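In the numbering used here, the protein residues as written are 62 to 258.
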């Protein structure tokens, strides 16, 4: 009986202390907002039509022209848009955008696992998930910036489509959730011991 009691006490000592309602609520809110950012970014990348300039629609995957006779004509060959460097630059924009979504999915998974697992490494998983969201922000903002720089002569504020603003919003949410996640991890001091990252 003594050995069983010692092992039970050891298991209880390794369990995470009970979190307050406020802390759990904030962490759940961060996870929900990160999930929303992943959905918005995924939709924006898959659709890809981010800029309408006069009769031309610029996207990550194709380039479209509109006319009264033919309607909407889309071409995958971005060099047909006659914008210098557009074909190669869009490869960078869509690659960074897609990688941002992948990193955010892994980050979101780590955030959720850290909430479910009751072990000593939960705060490290949370911190790693927050860092991956920060990486998503960097990649996503890089994709947005490269798109705007490539089409700087055509960009007008009213020409930016809803899909562009979805990506912009998700980029902002990645940053906000990453910083909030790292901050709440730093102020809660989960197990009263030095944190290793």
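The beta carbon of each residue, even a glycine, is placed where N, CA and C say it ideally should be. All figures in this text were calculated on a predicted structure; none of them were measured in a lab.
Rounded to the nearest whole angstrom, the CA to CA distance from residue 116 to residue 123 is 14 Å. If only uninterrupted alpha helix (DSSP H) runs of at least 4 residues are considered, those enclosed by the segment 105 to 185 are 147 to 177. 9 Å or more divides the Cβ of residue 236 from the Cβ of residue 154. Leaving aside the five residues that flank residue 125 on each side, the residues in its chain whose CB is nearer than 6 Å to its CB run, in chain order, 118, 133 and 135. Three or more beta-carbon pairs separated by less than 8 Å link the segment 241 to 248 to the segment 180 to 196, which places the two stretches in contact.
In the structure shown, the three-state DSSP call for residue 193 is helix. Taking 4 residues as the shortest admissible run, the segment 207 to 253 contains the following complete alpha helix (DSSP H) segments, listed from N- to C-terminal end: 223 to 249. Annotated three-state conformation of residue 85 is helix, per DSSP. Comparing alpha carbon positions, the residue from 198, 217, 234 and 144 closest to residue 160 is 198. In chain order, 106 and 204 place their CB closer than 6 Å to the CB of residue 158, counting only its own chain and leaving out the 5 sequence neighbours on each side. Between the beta-carbon of residue 224 and that of residue 109 there is about 7 Å, and that keeps the pair under the 8 Å contact cut.
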